[in-house]
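Here's the structure, in structure tokens; my notes come after.
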Amino acid sequence: MVLPAGWSLALLDGNGEVIARRALAGFNPETAVDAAGRFVVKSTVSPWSVALTIPRAAY
386 MVLPAGWSLA LLDGNGEVIA RRALAGFNPE TAVDAAGRFV VKSTVSPWSV ALTIPRAAY
């Protein structure tokens with residue numbers, strides 16, 4: 386999957402811990418992303434979620 390530069394996609398377990406992530410090396414969502422740039426969608430068939438983060442520099 387190709388994401389725009391700087392964007393990150395993560396698979397989270399039921400506790401919100403990252404299982405897998407596609408992001409640039411050294412990416413830190415806590416410092417690069419505001420709440421407005423984080424989108425989390427919960428699965429309807431498991432306790433997992435997917436989180437898309439867009440760095441504030443992109444908007």
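Using this note's numbering, you'd call the opening residue of the sequence shown number 386 and step up by one each time. Where is the CB? At the ideal position from N, CA and C, for every residue including glycine. Predicted, not measured: the structure shown is a model, and the values here were computed from it.
Bridge partners of residue i, per DSSP?
i	result
Leu396	Ala405 and Val435
Val425	Ala436
Alpha carbon to alpha carbon, how far is residue i from residue j?
i	j	result
Leu409	Trp392	8 Å
Val430	Leu396	14 Å
Apply the 10 Å Cβ neighbour rule to residue i and answer buried if 16 or more other Cβ atoms are within range, or exposed otherwise.
i	result
Pro432	exposed
Ile404	exposed
Report all residues from its chain with a CB closer than 8 Å to the CB of residue i; omit the five preceding and five following residues, and keep chain order.
i	result
Met386	Leu394 and Arg407
Gly401	Ser434
Asp398	Ile404, Pro432 and Trp433
Kindly list the residues whose CB is nearer than 7 Å to the CB of residue i, restricted to its own chain and excluding five residues on each side of it in sequence; keep chain order.
i	result
Val426	Ser434 and Val435
Residue i and residue j look like a contact to me (Cβ under 8 Å); what is the Cβ gap, rounded to whole Å?
i	j	result
Gly422	Tyr444	7 Å
Who are the Cβ neighbours of residue i in its own chain at under 6 Å, not counting the five residues just before and after it?
i	result
Pro440	Gly391, Ala417 and Val418
Is residue i a contact residue of the ligand HEM, with contact defined as CB to any heavy atom under 8 Å?
i	result
Asn413	Only the bare structure without any ligand can be found here, which leaves the ligand HEM out of the picture.
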